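Q:
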Amino acid sequence: MKEFVSRKVKELKPSGIRKFFDIVHEMKDAISLGVGEPDFVTPWTVRDAGVRSIQKGYTQYTGNRGLPELREHISAYLKERFSLDYPAEHIIVTVGASEGIDLALRACIEEQDEVLIPDPCYVSYAPCVTLAGGMPVTIDCKAENGFIVTPEELERKITPRTKAIILAYPNNPTGGIMTRPQLEAIAPVLQKHDLLVISDEIYAELTYGTKHCSIASLPGMKERTVLINGFSKAFAMTGWRIGFVCAPPDVDEGMFKIHQYGIMCAPTAGQYAANYALKEGFEDHFSVVEEMVEEYNRRRRFVVKSLNDMGLTCFEPKGAFYVFPSVESTGLSGEEFAEKLLRAKRVAVVPGSAFGVCGADHVRCSYATSMVQLTEAMERIADFVQSLRK
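Right under this line is the structure:
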């Protein structure tokens, strides 16, 4: 039946993350630092709102764009937290942020259009560009620059076929962020070349010491930006699959058509739960968010210090819940390091090569797990690194 599978799909590489998850599930006493989701449970009041919606019989489809009340609250949330002005009628509630990325690309990308992607980056961006018919083009982002997109590297990669750029800050896997001055430095380049910006801001609430700035808040950028966000990370609602996307009217209309035909609407119970989080539980929930961020920050400092102390140079992440240490000093590639570590010490990390060529000498570790697990994992990794030097 191979002839029925499209060439694009045949040529896609399997996710570089999954095989390590599959192995660790079969390994006794293994510690996984590979999972990209909060270890916190969705707050009870939010869960209860979802349960109550089912008990009340709210189990039908919602409108295609999502619950009107939820979209109004998303609009208010964006205004209050990030100074962004998006009316409810230009918001689409999606099946996670992932659907938002897919919608933006399929609505805007023609065959052979080039889409710029920071490297390292989240594993799905390049495949989604390919499936939309475009050509992914990477921008090298280096640790010495904080893994940001610089104006010089951006300008160097733009060609007459470049149509869009995916920005994902705070970044997975590096934990890098882009500050307002850094975004202001690349905005003129984007405007000069008339590029669309697809801004994945799913980790916007998870920053340490510097408040997140959306590129859509810069003068002249909202008109060319597709903003993607959701409830998965900061709201600890990964399994509820509720995201949202905001875009200029023409792009919004195109995405909405695809959403209508492909999805119809996001999960109803998840929408009611998300609506509660932004309505009755707004103030209470953001105190919970602050507590989560404080705990993540404690873990972040511990993991960064532990890795640097054992000789694995580690860039200090400013957002999300990942560290991206270099393993070059061990003489192993990121993939070799991850495989040998898993076999020898039963600790799962993700090879940096899963996130792009620039990550080949790195591994990604998630600190979205307990301090008990992190402490044990750091001890095992330190023992492993020491054994390589004997």
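The sequence shown lines up with residues 113 to 502 when you count with this note's numbering.
Glycine included, every Cβ here is placed at the ideal spot set by N, Cα and C.
Everything numeric in this text was worked out from a predicted model, so none of it was measured.
(1) Using 8 Å as the Cβ pair cut-off and three pairs as the minimum, do the region 455-474 and the region 179-193 touch?
(2) In three-state DSSP terms, what is M139?
(3) With distance defined between alpha-carbon atoms, name the residue in A200, L318, V338 nearest to N176.
(4) Determine the burial state of P248: buried for a count of at least 16 other Cβ atoms within 10 Å of its Cβ, exposed for fewer.
(5) With distances taken from CA atoms, which of Y170, E223, C358, T319 is nearest Y281?
(6) What are the boundary residues of the beta strand (DSSP E) that includes N284?
(7) Once you ignore the five residues that flank P437 on each side, which residues in its own chain have a CB closer than 6 Å to its CB?
(8) Relative to the ligand SAM, is the shortest distance from any of its heavy atoms to the C-beta of F116 smaller than 8 Å?
(9) Just curious, the alpha helix (DSSP H) that R292 is in, first and last residue?
(10) For G382, which residues in the same chain have their Cβ closer than 7 Å to its Cβ, ignoring the five residues on either side in sequence?
(11) Just to confirm the assignment, what range does the alpha helix (DSSP H) spanning L182 have?
(12) Could you give the C-beta distance for N387 and L179, rounded to a whole number, given that I count them as a contact under 8 Å?
(13) Would you call the region 442-453 and the region 213-232 in contact, with 3 or more CB pairs under 8 Å?
(14) Evaluate P155 with the Cβ neighbour count: other Cβ atoms within 10 Å of its Cβ, from every protein chain shown; 16 or more gives buried, anything less gives exposed.
(15) In the DSSP output, which residue or residues are listed as bridge partners for C358?
(16) Kindly list the residues whose CB is nearer than 7 Å to the CB of F433, restricted to its own chain and excluding five residues on each side of it in sequence; keep chain order.
(17) CB-CB under 6 Å to P239, same chain, minus the five flanking residues each way: which ones, in chain order?
(18) Classify T262 as helix, strand or coil using the three-state DSSP reduction.
(19) Is the beta carbon of R476 sitting closer than 9 Å to the one on P263?
(20) Among all the DSSP beta bridges, which residues are the ones paired with M247?
(21) Classify F256: buried if its beta carbon has 16 or more other beta carbons within 10 angstroms, exposed otherwise.
(22) Taking DSSP as the reference, what is the three-state secondary structure of H324?
(23) Near V416, which residues of its chain fall below 7 Å by C-beta distance, leaving aside the five closest residues on each side in sequence?
(24) What does DSSP give as the partner residues of A276 in its beta bridges?
A: So, to answer that:
(1) The region 455-474, when compared against the region 179-193, does not touch it at the 8 Å Cβ threshold.
(2) Against the sequence shown, residue 139 aligns to sequence position 27. In the three-state DSSP reduction, M139 falls in the coil class, being neither helix nor strand.
(3) Translated into positions along the sequence shown, residue 176 becomes position 64. Check the Cα spacing between N176 and each of A200, L318, V338: the tightest is with A200.
(4) One-based indexing of the sequence shown puts residue 248 at position 136. Around the C-beta of P248, 16 or more other C-beta atoms lie within 10 Å, and the residue is accordingly described as buried.
(5) Stepping through the sequence shown from its first residue, residue 281 is reached at position 169. Shortest Cα-Cα distance from Y281 to any of Y170, E223, C358, T319 involves T319.
(6) In the sequence shown, counting from the first residue as 1, residue 284 sits at position 172. Taken as a continuous stretch (DSSP letters only), N284 belongs to no beta strand (DSSP E), as it is neither H nor E.
(7) Along the sequence shown, read from residue 1 onward, the residue named residue 437 stands at position 325. Taken in chain order, the residues that qualify are L419, L424, C426.
(8) Absent from the structure shown: the ligand SAM. Ligands present: none.
(9) The residue labelled residue 292 in the question sits at position 180 within the sequence shown. That run of the alpha helix (DSSP H) goes 292-304.
(10) As a first step, residue 382 is located in the sequence shown; it is residue number 270 there, counting from the start. G162, W352, R353, I354, listed in sequence order.
(11) Stepping through the sequence shown from its first residue, residue 182 is reached at position 70. L182 -> alpha helix (DSSP H) spans 180-194.
(12) Here residue 387 refers to the residue found at position 275 of the sequence shown. Here residue 179 refers to the residue found at position 67 of the sequence shown. That pair is a contact at about 6 Å.
(13) No, the region 442-453 does not touch the region 213-232.
(14) Within the sequence shown, numbered from 1, the residue matching residue 155 stands at position 43. P155 counts as buried, since at least 16 other C-beta atoms from the protein chains shown sit within 10 angstroms of its C-beta.
(15) As a first step, residue 358 is located in the sequence shown; it is residue number 246 there, counting from the start. DSSP output for C358 lists I203, L339 as bridge partner(s).
(16) Residue 433 sits at position 321 when you count from the first residue of the sequence shown. Within its own chain, the residues whose Cβ lies closer than 7 Å to the Cβ of F433, once the five positions on either side in sequence are excluded, are L318, Y408, S478, Y479, A480, listed in chain order.
(17) The sequence position of residue 239 within the sequence shown is 127, counting from 1. Spatial neighbours of P239 in its own chain (CB-CB distance under 6 Å, excluding positions within 5 residues in sequence) are listed in chain order as L124.
(18) The residue labelled residue 262 in the question sits at position 150 within the sequence shown. Three-state DSSP puts T262 in coil, outside helix and strand.
(19) Residue mapping note: residue 476 aligns to position 364 of the sequence shown, counting from 1. Residue mapping note: residue 263 aligns to position 151 of the sequence shown, counting from 1. The answer is no: Cβ separation not under 9 Å.
(20) Against the sequence shown, residue 247 aligns to sequence position 135. M247 is bridged to E226.
(21) For this step, residue 256 is matched to residue 144 along the sequence shown. Checking the sequence shown, residue 256 turns out to be Glu, not Phe. Taking all protein chains in view, the Cβ of E256 is surrounded by fewer than 16 other Cβ atoms within 10 Å, so the residue is classified as exposed.
(22) Taking the first residue of the sequence shown as position 1, residue 324 is located at position 212. Coil at H324, not helix or strand.
(23) Taking the sequence shown and counting its residues from 1, one reaches residue 416 at position 304. Spatial neighbours of V416 in its own chain (CB-CB distance under 7 Å, excluding positions within 5 residues in sequence) are listed in chain order as C426, E428, V435.
(24) Locating residue 276 in the sequence shown gives position 164, where the first residue counts as 1. Paired residue(s): V227, L308.
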